[in-house]
Every structure is written in C-alpha cells, then in structure tokens.
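**Student:** In mature numbering (1 follows the signal peptide of the UniProt record, and there is no 0), the protein residues as written are -19 to -1, 1 to 241.
Ideal Cβ placement from N, Cα and C applies to all residues, glycine included.
Quantities reported herein were computed from a predicted structural model and do not represent experimental measurements.
And the structure:
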C-alpha cells in the first residue's frame, strides 16, 4: 500500500524560486521517503529558514533555522520521524526525509523558505522639537523577517513610541524607522532595540538626552573658558618678561666688563 505526498510551495520574499518535482511523491507504508526541492538560481540554504508544514504554518512538520533542526513546536505525529538532509543545503537542495510512513502522512506538504537578515546597528538622531518635547528618531535597515522594535529607558522599561514605519529596500529586506518624544525637562538614557525574533538576536544603540540645559551652567562654562584663557596669557607674558630681563642683564654686564 502506498501514500501520495504532494509538495506545495508558498510565497517567500527573496530573489530566488523553489523548484519542486512535477509529480507527487509515492511512499510505501512503513518505509521512508524523501520530499525534494531545490533553489533556483542555485544558492546555499544553510543560513535560511526552511519550514515544512501541513495546513498551518505555526505547527510544522520540520523546521530548520540557525544552522540546526528545531523541534520545539513540531507536530506530535512527526516527532522522531523527520530529518532535513543538511549535506545538500549548500547546493541549494532542501530534501526532507520522513521515516515510517503512515496513512495519515498522505496529503500536501507546503514548503516555506526565506533568508534571515540581521540588520545594521540602530542609528539614533535628535530631530528638533515636537509636542513640547524633543523628537528622537531611530533607523536601521537590512532585516528579515520583519523585526520587533522597541524603545527602553535606563532601567530597561519599555517606552511607547510616537510612530513606527516599516518599508522594503531594493534588496527586499526590511527598513525600520521609529520615533519617540522626550519631554524637555527630563534627562533620559534611551536605547533603541531591534530584534530578529527568529534568530533571537538583537542590535541596540543608546543615547543620553538632556532635556534642558540650565542658563547658569552655560554662563559658568563661558566664564571658565575666558578665565583659563587669561591665566594662560598671563603665564606666557610673565615668562617672556623674565626672559627679557635676563638677556638685558647679561648684555649690560658684558658691557661693564669690556670697559674695565
């Protein structure tokens, strides 16, 4: 007795296509079979996410990412029966081996493949005043899939963002821009954190925002600069005067010796 397993491809946002066999795969009950697909143009899939599933993307038949198989969340009926043949990944092949074929295995097997992108370090900039505060913007690019973005204070508490914009660049990767408003009279250590939830990795940048500079501090800074300048000038004049008097004494003394 045999079962028919059909590979179905789902959309993935990358500049390649996945080629599957034209005919369904026939498998013998109790034996093993291999579902085959490959990338075109040929490229390594070793650093991509490969997800074989049935009817729901959340529950998977087999999941590969971060360079290894991931079994947490795998459908119970496939536990201990699947294997991604990793030796073929570098050539762009993503074959899935299923052991001990059962009648319940018959059906469609959608395949989702997408690259992973850990983007650039967040760039934080202060861009003027808004709503009675200071507008601070955080930007980053080169992420995939769409990352999680959040602002945090010095204690790691999450801060609400004013706006968040996500777009796609020419490379089809995500570009992020998020903004926050800091009140003028509050001094804060802010950090912008962007996280790839699939890789469980993040990049973070921090900045110190001075809400308002006191006028007396500005005046004191100016006075100190001027005072230091005057002290330096006085020291130089004193040195020059001492050198001049010494040279005058030597010349006068030499004149006296000559007339003896």
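Any idea what DSSP makes of residue 162, helix, strand or coil?
**Tutor:** strand
**Student:** Measuring CB to CB, does residue 123 end up less than 8 Å from residue 100?
**Tutor:** yes
**Student:** If you reduce the DSSP assignment to three classes, tell me which class residue 75 lands in.
**Tutor:** coil
**Student:** Identify which residue in 29, -2 and 9 has its Cα closest to the Cα of residue 84.
**Tutor:** 9
**Student:** I'd like to know whether the C-beta of residue 11 is nearer than 8 Å to at least one C-beta of chain B.
**Tutor:** In the structure shown, chain B cannot be found, because there is only a single protein chain.
**Student:** Taking contact to mean 3 or more Cβ pairs, one atom from each stretch, closer than 8 Å, check whether the segment 113 to 123 and the segment 155 to 163 are in contact.
**Tutor:** yes
**Student:** Going by C-alpha distance, which of 178, 188, 33 and 181 is nearest residue 89?
**Tutor:** 33
**Student:** By Cβ distance below 7 Å, which residues in the same chain neighbour residue 76 in space, the five residues on each side in sequence not counted?
**Tutor:** Close CB contacts of residue 76 within its chain, under the 7 Å cut and outside five residues either way in sequence, are with 15, 16, 17, 66 and 69 (chain order).
**Student:** Roughly how many angstroms lie between the CA atoms of residue -4 and residue 155, to the nearest whole one?
**Tutor:** 17 Å
**Student:** Consult DSSP for residue 140 and reduce its assignment to one of helix, strand or coil.
**Tutor:** Residue state, collapsed to three classes: strand.
**Student:** Which of helix, strand or coil does DSSP assign to residue 151?
**Tutor:** In the structure shown, residue 151 sits in coil (DSSP, three-state: anything other than H, G, I, E or B).
**Student:** Using the beta-carbon count (16 or more within 10 Å), is residue 41 buried or exposed?
**Tutor:** So residue 41 ends up on the buried side.
**Student:** Could you round the C-beta distance between residue 128 and residue 78 to whole angstroms and report it? I think they count as a contact, below 8 Å.
**Tutor:** So it is not a contact: roughly 33 Å between Cβ atoms.
**Student:** What is the rounded straight-line gap between the Cα of residue 153 and the Cα of residue 146?
**Tutor:** 15 Å
**Student:** Rounding to the nearest angstrom, what Cα-Cα distance links residue 93 and residue 31 in this structure?
**Tutor:** Taking C-alpha positions only, residue 93 is separated from residue 31 by approximately 6 Å.
**Student:** Check for me: the beta strand (DSSP E) holding residue 67 runs from which residue to which?
**Tutor:** That residue, residue 67, is in no beta strand (DSSP E); it is neither H nor E in DSSP.
**Student:** Between which two residues does the beta strand (DSSP E) holding residue 293 run?
**Tutor:** Outside the shown range of the chain (-19 to 241) lies residue 293, about which nothing can therefore be said.
**Student:** Which one of 50, 24, 97 and 58 has the shortest CA to CA distance from residue 72?
**Tutor:** 24
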